[in-house]
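Colleague: Take the sequence shown: its letter number 224 is residue 610 in our numbering, and every next letter is one higher. Backbone N, C-alpha and C fix where the C-beta goes; we use that ideal spot for every residue, glycine too. Computed from a predicted model, the values in this text were never measured in an experiment.
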Amino acid sequence: MLESVFPNKALTKEQEQIFNKILFFNKQGLDASNKNIFQLNGDAGTGKSVILTKLFLKLEQAAKSNHTDNYFLVNHPELLKVYQENAGQFSELRKNRFLRPTSFINRMHKQHRNADTVVIDEAHLLLSESDNYNNFIQNNQLEEIVKLSKVVILVFDERQVLKLKSYWSQKLLDTIVRKSDANYQRATLHTQMRMQAPTQVLKWDDDLTDQLKLDNLSRATTNFLSFQSDYDFRIYSDAEKMYQDLKSKNDQIGESRIVATADYPSTLDGQKHYVTEGKFHLPWDQYNYSQTTWAQKPETINEIGSIYTVQGFDLNYVAVIIGPSISYNGSGKIKIDISKYEDREAFKNRHEKDILNLNESKQKIILNSINVLLKRGIKGCFVYFHDERIFNYLNKTIQ
387 MLESVFPNKA
397 LTKEQEQIFN
407 KILFFNKQGL
417 DASNKNIFQL
427 NGDAGTGKSV
437 ILTKLFLKLE
447 QAAKSNHTDN
457 YFLVNHPELL
467 KVYQENAGQF
477 SELRKNRFLR
487 PTSFINRMHK
497 QHRNADTVVI
507 DEAHLLLSES
517 DNYNNFIQNN
527 QLEEIVKLSK
537 VVILVFDERQ
547 VLKLKSYWSQ
557 KLLDTIVRKS
567 DANYQRATLH
577 TQMRMQAPTQ
587 VLKWDDDLTD
597 QLKLDNLSRA
607 TTNFLSFQSD
617 YDFRIYSDAE
627 KMYQDLKSKN
637 DQIGESRIVA
647 TADYPSTLDG
657 QKHYVTEGKF
667 HLPWDQYNYS
677 QTTWAQKPET
687 INEIGSIYTV
697 QGFDLNYVAV
707 IIGPSISYNG
717 SGKIKIDISK
727 YEDREAFKNR
737 HEKDILNLNE
747 SKQKIILNSI
757 NVLLKRGIKG
767 CFVYFHDERI
777 FNYLNKTIQ
């Protein structure tokens with residue numbers, strides 16, 4: 387898991403070409419008089435973070451001679467632990483250069499200075515409005531980071547937007563680029579590097595979680611199960627059976643965890659909250675105060691992970707419980723009930739004037755969260771639907 391974002395990891399030919407393109411863009415940007423923004427796109431698991439970490443190591447190796455002031459930002463506490471731990475294994479990297487975006491913004495303002503190059507992983511998690519709880523008083527984190535930097539290199543995936551207060555679209559990002567009058571380039575990674583899965587499996591995930599293709603569930607399932615593959619993909623009617631099979635995989639090869647959509651109550655009140663499906667009964671993940679990431683802790687095989695603990699991480703196997711917000715709608719279709727999505731924080735504190743259809747945006751957040759969870763497993767993915775009618779329909783299609 388940690389090795390997947392090591393800066394000395396070998397790049398593929400596709401990644402190498404984009405890496406060199408960004409490196410050249412940064413060199414030119416440092417000498418330019420205007421702002422510079424490079425956007426790296428790619429689906430979950432395409433290796434975006436690998437490029438960023440290798441790039442940042444290169445920048446920091448050169449920093450002693452060219453006296454540049456560089457930072458690596460990520461708005462995800464579990465991922466930040468990984469980057470800081472990795473930094474400790476390379477003499478050129480300093481842990482204090484890996485920060486949450488708010489920490490960087492407030493530090494630059496307090497010290498009245500700007501950075502040279504700022505690298506942002508998971509830019510779709512940046513706040514797109516003020517948030518007093520997170521000590522961010524400005525309007526938009528990306529806009530603020532651009533103001534405080536010569537060059538910004540960011541990773542962006544619109545399908546990983548998970549909250550309204552960090553609600554992003556390409557249109558909003560384009561607006562910030564225009565306002566900054568920046569030199570702007572972008573590139574896209576296409577090859578799936580995490581999941582050792584054939585195209586049919588990836589298409590099944592995307593068809594299930596794409597708002598525009600909800601009626602393709604039947605076709606997606608038929609296509610998925612019409613081939614043989616080493617990737618271990620299973621659909622279960624029994625959550626407890628799925629969990630026991632996952633534990634066996636964890637005993638055999640490790641780093642296998644069960645996760646769920648936010649359709650079951652959970653609050654940060656110090657009390658345990660449980661996910662129950664028939665005989666299956668496990669507590670949600672607890673807030674992780676340690677420097678070891680949630681998925682690395684052996685005891686978390688006995689907890690339910692969430693998008694907040696596994697987003698951006700590799701697992702060998704993932705088991706996904708898709709809860710009550712997703713139900714069968716007849717004729718091979720599914721529907722979304724946003725009232726049953728228990729992560730109410732995901733729908734709070736948004737300046738609605740920036741969103742054309744608030745209800746559709748909330749539906750997209752739910753579908754994005756499912757897509758993120760389904761794409762964690764390197765070797766396999768197990769899926770259980772709360773609504774047994776979905777399993778019955780899929781099973782009938784298989785037969």
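What residues match up with Phe573 in a beta bridge as DSSP calls it?
Modeller: It should be noted that the sequence gives Ala, not Phe, for residue 573. Ala573 pairs with Leu426.
Colleague: According to DSSP, Pro669 sits in a beta bridge with which residue or residues?
Modeller: For Pro669, which the question treats as bridged, DSSP gives the partners Tyr660.
Colleague: In this structure, does DSSP put Lys533 in helix, strand or coil?
Modeller: In the structure shown, Lys533 sits in a helix (DSSP, three-state: H, G or I).
Colleague: So what does DSSP say about Ala732, is it helix, strand or coil?
Modeller: Helix, per DSSP.
Colleague: Express the C-alpha separation of Arg486 and Pro463 in angstroms, rounding to a whole number.
Modeller: Roughly 8 Å between the two C-alpha positions.
Colleague: Starting from Ala329, trace the alpha helix (DSSP H) in both directions and tell me its first and last residue.
Modeller: Outside the shown range of the chain, which is 387 to 785, sits residue 329, and nothing can be said about it.
Colleague: Helix, strand or coil for Tyr714? Go by DSSP, reduced to three states.
Modeller: In the structure shown, Tyr714 sits in a strand (DSSP, three-state: E or B).
Colleague: Enumerate in chain order the residues of its own chain whose CB-to-CB distance from Gln578 is below 8 Å, with the five nearest sequence positions on each side excluded.
Modeller: The answer, listed in chain order, is Asp429, Gly431, Thr432, Leu588.
Colleague: So, for Glu544: in the same chain, excluding its five sequence neighbours on each side, which residues have a beta-carbon less than 8 Å away from its beta-carbon?
Modeller: Closer than 8 Å at the Cβ level, and outside the excluded window around Glu544, lie His510, Trp554, Ser555, Gln556.
Colleague: May I ask you to report which of helix, strand or coil DSSP gives Asp517?
Modeller: Here Asp517 sits in strand by DSSP.
Colleague: Looking at the structure shown, is Thr503 part of a helix, part of a strand, or coil, going by DSSP?
Modeller: Residue state, collapsed to three classes: strand.
Colleague: Evaluate the contact criterion for the segment 768 to 781 versus the segment 744 to 756: three or more CB pairs, one atom per stretch, below 8 Å.
Modeller: The segment 768 to 781, when compared against the segment 744 to 756, does not touch it at the 8 Å Cβ threshold.
Colleague: Run through DSSP, which three-state label would Ala646 get?
Modeller: In this structure, Ala646 counts as strand in the three-state DSSP scheme.
Colleague: Quick check: the Cα distance between Arg730 and Phe410, rounded to an integer number of angstroms?
Modeller: Those two C-alpha atoms are separated by around 43 Å.
Colleague: Could you name the residues of the same chain whose beta carbon sits closer than 7 Å to that of Thr488, not counting the 5 residues immediately before and after it, in chain order?
Modeller: The residues are Asn520, Asn521, Phe522.
Colleague: Since Ile491 contacts Glu530 with CB under 8 Å, what's their CB separation in whole angstroms?
Modeller: Yes, they are in contact, since the Cβ atoms of Ile491 and Glu530 sit about 5 Å apart, within 8 Å.
Colleague: Do the segment 447 to 456 and the segment 684 to 694 meet, that is, are 3 or more Cβ pairs less than 8 Å apart?
Modeller: They do not touch, by the three-pair rule.
Colleague: Could you check how far apart the C-beta atoms of Arg580 and Ile764 are, in whole angstroms? I think they sit under 8 Å.
Modeller: So it is a contact: roughly 6 Å between Cβ atoms.
Colleague: How about the segment 708 to 727 and the segment 766 to 779: do they share at least three Cβ pairs that are nearer than 8 Å?
Modeller: Yes, the segment 708 to 727 is in contact with the segment 766 to 779.
Colleague: Suppose you measure from the CA of Tyr660 to the CA of Val504; what does that come to, to the nearest Å?
Modeller: So the two alpha carbons sit approximately 40 Å from each other.
Colleague: Smallest Cα separation from Leu540: which of Lys549, Leu534, Leu528?
Modeller: Closest by alpha carbon: Leu528.
Colleague: Thinking just about the alpha-carbon of each residue, which of Gly664, Tyr650, Ile708, Gly766 is nearest to the one in Ser700?
Modeller: First, the residue type needs correcting, since residue 700 is Asp and not Ser in the sequence shown. Checking every option, the nearest Cα to that of Asp700 belongs to Gly766.
Colleague: From the DSSP output, read off the bridge partner residues of Lys721.
Modeller: For Lys721, which the question treats as bridged, DSSP gives the partners Ser713.
Colleague: Whose C-beta lies closer than 6 Å to the C-beta of Glu626 among residues of the same chain, with five residues either side of it excluded?
Modeller: Correct list, in chain order: Lys665, Phe666.
Colleague: Where does Phe699 sit, in a helix, a strand or coil, going by DSSP?
Modeller: Phe699 falls in the coil class under three-state DSSP.
Colleague: For Pro393, count the other beta carbons within 10 Å of its own beta carbon; 16 or more makes it buried, fewer makes it exposed. Which is it?
Modeller: By the 10 Å Cβ count, Pro393 comes out buried.
Colleague: For Asn526, count neighbouring C-beta atoms within 10 Å of its own C-beta (all shown protein chains included) and say buried if the count is 16 or more, exposed if not.
Modeller: Flag for Asn526 reads buried.
Colleague: State the DSSP-derived secondary structure class of Lys765, mapped to helix, strand or coil.
Modeller: Strand at Lys765.
Colleague: Is it buried or exposed, Tyr650, if we count other Cβ atoms within 10 angstroms and call 16 or more buried?
Modeller: Answer is buried; the Cβ neighbour count reaches 16.
Colleague: For Phe405, which three-state DSSP category applies?
Modeller: In the structure shown, Phe405 sits in a helix (DSSP, three-state: H, G or I).
Colleague: Leaving out five residues before and five after Arg620 in sequence, what residues of the same chain have Cβ atoms less than 6 Å from its Cβ?
Modeller: Once the five neighbours on either side are set aside, the close Cβ partners of Arg620 are Phe768.
Colleague: Nearest by alpha-carbon distance to Thr595: which of Asp631, Ile720, Gln524, Glu400 is it?
Modeller: Answer by Cα proximity: Ile720.
Colleague: Could you check what DSSP says for Tyr675 in three-state terms: helix, strand or coil?
Modeller: Of the three classes helix, strand and coil, the one that applies to Tyr675 here is coil, per DSSP.
Colleague: Just list the residues that DSSP pairs Phe410 with in beta bridges.
Modeller: Note: Phe410 sits in no beta bridge, so no partner.
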